[in-house]
Amino acid sequence: MSRAVKKLLGIPHQGNQVGRRRGLSLESLEDRRMFAGDSVEAVLEDYGTEVTDEWFASEAVWQVGAVDHAIGLFSHPPAMPGELPVLHSNLGASRTIYLNFTGNKVAEEWNTERGDLSGLVTYAFDTDGDPSQFSVNEQYMIRQIWEIVAEDYAPFDVDVTTDYAGPFGNGQALNVAIGGTDRDQLLSTGIARADGFSNFSTLPSVVVTTNVRYQMAYSAATPELKSRGLYDRDLGTSELKAQKDEIIRRYMDLVEWETMVAIGNTVSHESGHAFGLVHHENFVEGTPHTEYSVGTVTWTPIMGSNLSTDRHTWSYPDVTFQDQLEVLADDLGARTDDHPDAYATPLIAADSGLLFEQSGIITTMDDADAFSFRVQYDGIYHVAVNVPQFGNLDSRFELYSPGDLVGAGNNFDQLSETGQFLLEAGKDYLLVVKSNGVYGDLGRYTVSVTWPILETGPLAEIPLI
Numbered sequence: 002m003s004r005a006v007k008k009l010l011g012i013p014h015q016g017n018q019v020g021r022r023r024g025l026s027l028e029s030l031e032d033r034r035m036f037a038g039d040s041v042e043a044v045l046e047d048y049g050t051e052v053t054d055e056w057f058a059s060e061a062v063w064q065v066g067a068v069d070h071a072i073g074l075f076s077h078p079p080a081m082p083g084e085l086p087v088l089h090s091n092l093g094a095s096r097t098i099y100l101n102f103t104g105n106k107v108a109e110e111w112n113t114e115r116g117d118l119s120g121l122v123t124y125a126f127d128t129d130g131d132p133s134q135f136s137v138n139e140q141y142m143i144r145q146i147w148e149i150v151a152e153d154y155a156p157f158d159v160d161v162t163t164d165y166a167g168p169f170g171n172g173q174a175l176n177v178a179i180g181g182t183d184r185d186q187l188l189s190t191g192i193a194r195a196d197g198f199s200n201f202s203t204l205p206s207v208v209v210t211t212n213v214r215y216q217m218a219y220s221a222a223t224p225e226l227k228s229r230g231l232y233d234r235d236l237g238t239s240e241l242k243a244q245k246d247e248i249i250r251r252y253m254d255l256v257e258w259e260t261m262v263a264i265g266n267t268v269s270h271e272s273g274h275a276f277g278l279v280h281h282e283n284f285v286e287g288t289p290h291t292e293y294s295v296g297t298v299t300w301t302p303i304m305g306s307n308l309s310t311d312r313h314t315w316s317y318p319d320v321t322f323q324d325q326l327e328v329l330a331d332d333l334g335a336r337t338d339d340h341p342d343a344y345a346t347p348l349i350a351a352d353s354g355l356l357f358e359q360s361g362i363i364t365t366m367d368d369a370d371a372f373s374f375r376v377q378y379d380g381i382y383h384v385a386v387n388v389p390q391f392g393n394l395d396s397r398f399e400l401y402s403p404g405d406l407v408g409a410g411n412n413f414d415q416l417s418e419t420g421q422f423l424l425e426a427g428k429d430y431l432l433v434v435k436s437n438g439v440y441g442d443l444g445r446y447t448v449s450v451t452w453p454i455l456e457t458g459p460l461a462e463i464p465l466i
């Protein structure tokens with residue numbers, strides 16, 4: 002049984018990638034030469050375990066205070082009724098990915114294998130038949146689509162935003178028009194000019210939301226279509242074709258979540274083409290087998306099947322050998338490290354409750370974000386590293402006292418990590434957050450320490466957990 006079929010049926014496939022939510026998956030086909038579009042038819046080096054006093058004495062540090070709470074990375078005020086949510090992932094970045102939900106018209110000449118797209122109109126994002134305003138549900142979908150794309154591009158010096166009025170000069174900003182078009186039949190789930198960000202940035206990357214939704218409904222309707230003998234593409238009569246189309250359209254209202262995720266993944270995929278990335282293909286004995294890799298049951302490469310709704314990350318294809326992270330960093334630049342890898346004298350923690358909570362981004366495979374703190378009381382403390390919805394980071398953490406590794410969280414079957422540790426009053430501790438080390442395991446997280454889970458007697462009576 003092929004991996005794609007196993008994935009659709011939910012049969013596990015061996016691999017060390019971990020997932021966040023299973024949904025529908027669909028392998029699409031794409032015609033790609035000078036343009037790229039998705040057809041409607043279709044290791045991290047460890048730190049040593051010995052941590053010396055010098056680590057605590059460094060001046061370049063991130064000190065954690067007793068009431069030091071970070072604002073969430075995705076905190077934005079709610080949009081006004083009917084208005085477009087104003088969202089920024091990295092305000093002030095040198096480059097921009099503009100998620101254009103308000104409509105776009107191509108003014109330049111744009112010839113493709115599918116025809117001349119000059120003058121192509123992309124309509125405003127609309128799911129309820131009222132393009133004049135954004136409903137509450139549409140606002141929610143826009144936020145989720147933005148969050149997916151913002152997570153994918155979090156390691157880089159780029160602002161993923163819905164609010165941009167600047168120029169689209171080469172290497173400045175990428176215009177991603179998201180909505181239905183006046184030529185859906187010529188297009189696909191998405192199309193992009195290869196290397197367009199550096200050479201043809203005035204041409205947008207276009208994501209055709211109506212086609213994405215149809216594809217997700219088609220996938221969901223497949224069992225019923227097969228049971229009724231309507232699955233084949235060539236059904237012969239217009240009556241049978243109409244029956245098939247009616248069944249698919251009935252499913253369109255049932256795949257809203259899958260559609261939303263697939264749109265976000267398609268935006269990242271098509272933007273990747275504009276930044277110079279090629280497909281992550283599957284090869285068998287050196288021969289292309291699947292142009293769109295479906296990955297494993299719980300993971301798909303971003304430049305693989307854009308309509309799969311599981312966890313997506315950047316990848317390093319084992320045949321094309323394109324280092325996607327390097328290509329993106331060359332075009333976009335690396336994001337400034339938000340937390341240093343060195344340490345200072347900790348501040349004394351609060352007497353009870355949440356000791357601290359911080360947000361961060363693991364931006365490179367060897368990035369390690371370090372936090373220092375001191376506890377006042379003996380007790381069992383709870384450490385948590387939480388990866389958000391649509392997170393790409395497979396996290397790990399290590400907890401040190403000077404000279405000793407106290408404990409770690411490193412489960413390969415989950416993205417977030419937790420642990421409970423017996424800590425001693427008056428001691429300084431270092432908490433280090435890293436990637437688990439698989440290529441592409443980068444992204445956002447929040448880390449927290451809560452004390453104490455339970456009051457303790459003499460330390461010897463409490464086992465280390």
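What the sequence shown shows, in the numbering used here, is residues 2 to 466, in sequence order. Just so you know, even glycine gets a beta-carbon here, dropped at the ideal spot from N, CA and C.
Own chain residues within Cβ distance below 8 Å of residue i, not counting five before or after
{"i": "Tyr-124", "result": "Gly-104, Pro-132, Gly-180, Gly-181, Thr-182, Asp-183"}
{"i": "Ala-80", "result": "Pro-86, Val-87, Phe-135, Gln-140"}
{"i": "Glu-55", "result": "Confidence in Glu-55 is poor, its pLDDT being 37 and thus under 50, which makes the residue's placement too unreliable to answer from."}
{"i": "Leu-187", "result": "Arg-115, Gly-116, Leu-118"}
{"i": "Lys-106", "result": "Gly-120, Leu-121, Val-122, Thr-123"}
Counted within 10 angstroms of its Cβ, other Cβ atoms place residue i as buried (16 or more) or exposed
{"i": "Glu-139", "result": "buried"}
{"i": "Thr-314", "result": "buried"}
{"i": "Glu-259", "result": "buried"}
{"i": "Pro-389", "result": "buried"}
{"i": "Asp-254", "result": "exposed"}
{"i": "Arg-229", "result": "exposed"}
{"i": "Gly-167", "result": "exposed"}
{"i": "Pro-82", "result": "exposed"}
{"i": "Asp-153", "result": "buried"}
{"i": "Phe-102", "result": "buried"}
{"i": "Phe-391", "result": "buried"}
{"i": "Glu-418", "result": "buried"}
{"i": "Asn-307", "result": "buried"}
{"i": "Glu-31", "result": "With a pLDDT of 37 at Glu-31, under the threshold of 50, the modelled position of this residue cannot be trusted; read the value that follows with caution. By the 10 Å Cβ count, Glu-31 comes out buried."}
{"i": "Pro-302", "result": "buried"}
{"i": "Val-298", "result": "buried"}
Residue i - DSSP class collapsed to helix/strand/coil
{"i": "Glu-240", "result": "helix"}
{"i": "Gln-359", "result": "strand"}
{"i": "Phe-198", "result": "helix"}
{"i": "Ser-269", "result": "helix"}
{"i": "Gln-216", "result": "helix"}
{"i": "Trp-300", "result": "strand"}
{"i": "Lys-106", "result": "strand"}
{"i": "Asn-91", "result": "coil"}
{"i": "Asp-117", "result": "strand"}
{"i": "Val-161", "result": "strand"}
{"i": "Ala-174", "result": "strand"}
{"i": "Ser-26", "result": "Legend: pLDDT at Ser-26 = 31, less than 50; position of this residue unreliable, value from coordinates given subsequently. Coil."}
{"i": "Tyr-440", "result": "coil"}
{"i": "Glu-418", "result": "strand"}
{"i": "Val-448", "result": "strand"}
{"i": "Tyr-124", "result": "coil"}
{"i": "His-274", "result": "helix"}
{"i": "Leu-204", "result": "coil"}
{"i": "Asn-307", "result": "coil"}
{"i": "Lys-428", "result": "coil"}
{"i": "Val-137", "result": "helix"}
{"i": "Val-388", "result": "coil"}
Spatial neighbours of residue i in its chain, beta-carbon cut-off 7 Å, leaving aside the 5 residues before and after
{"i": "Gly-408", "result": "Leu-400, Gly-420, Phe-422"}
{"i": "Gln-323", "result": "Leu-278, Val-279"}
Proximal residues to residue i (C-beta, below 6 Å), its chain only, five neighbours per side dropped
{"i": "Phe-169", "result": "Asn-176, Ser-202, Thr-203"}
{"i": "Leu-1", "result": "Only positions 2 to 466 of the chain appear in this structure, which leaves residue 1 out of reach."}
{"i": "Leu-236", "result": "Lys-242"}
{"i": "Leu-355", "result": "Thr-451"}
{"i": "Leu-424", "result": "Val-376, Tyr-382"}
{"i": "Ser-449", "result": "Glu-358, Ala-385"}
{"i": "Val-161", "result": "Ser-90, Ile-98, Val-150, Ala-151, Tyr-154"}
Nearest-angstrom Cβ-Cβ length linking residue i and residue j, presumed shorter than 8 Å
{"i": "Leu-406", "j": "Val-328", "result": "36 Å between Cβ atoms; not a contact."}
{"i": "Gly-361", "j": "Val-384", "result": "Not really, about 14 Å apart at Cβ, beyond 8 Å."}
{"i": "Met-304", "j": "His-280", "result": "5 Å"}
{"i": "Leu-394", "j": "Leu-326", "result": "Not confirmed; about 13 Å, so no contact."}
{"i": "Glu-282", "j": "Ser-272", "result": "Wrong, their Cβ atoms sit about 19 Å apart, outside the cutoff."}
{"i": "Val-213", "j": "Ala-263", "result": "5 Å"}
Cβ-heavy atom distance, residue i to the ligand FAD, below 7 Å
{"i": "Trp-111", "result": "By its list of ligands, the structure shown contains no ligand whatsoever, and the ligand FAD lies outside what it can speak to."}
Min CB distance residue i to chain C below 8 Å
{"i": "Asp-127", "result": "Any reference to chain C falls outside this structure, which holds one protein chain only."}
Are the region 236 to 249 and the region 264 to 273 touching by the rule of at least three beta carbon pairs closer than 8 Å?
no
Taking contact to mean 3 or more Cβ pairs, one atom from each stretch, closer than 8 Å, check whether the region 183 to 195 and the region 247 to 258 are in contact.
no
Does the count of Cβ pairs from the region 433 to 450 and the region 141 to 149 closer than 8 Å reach three?
no
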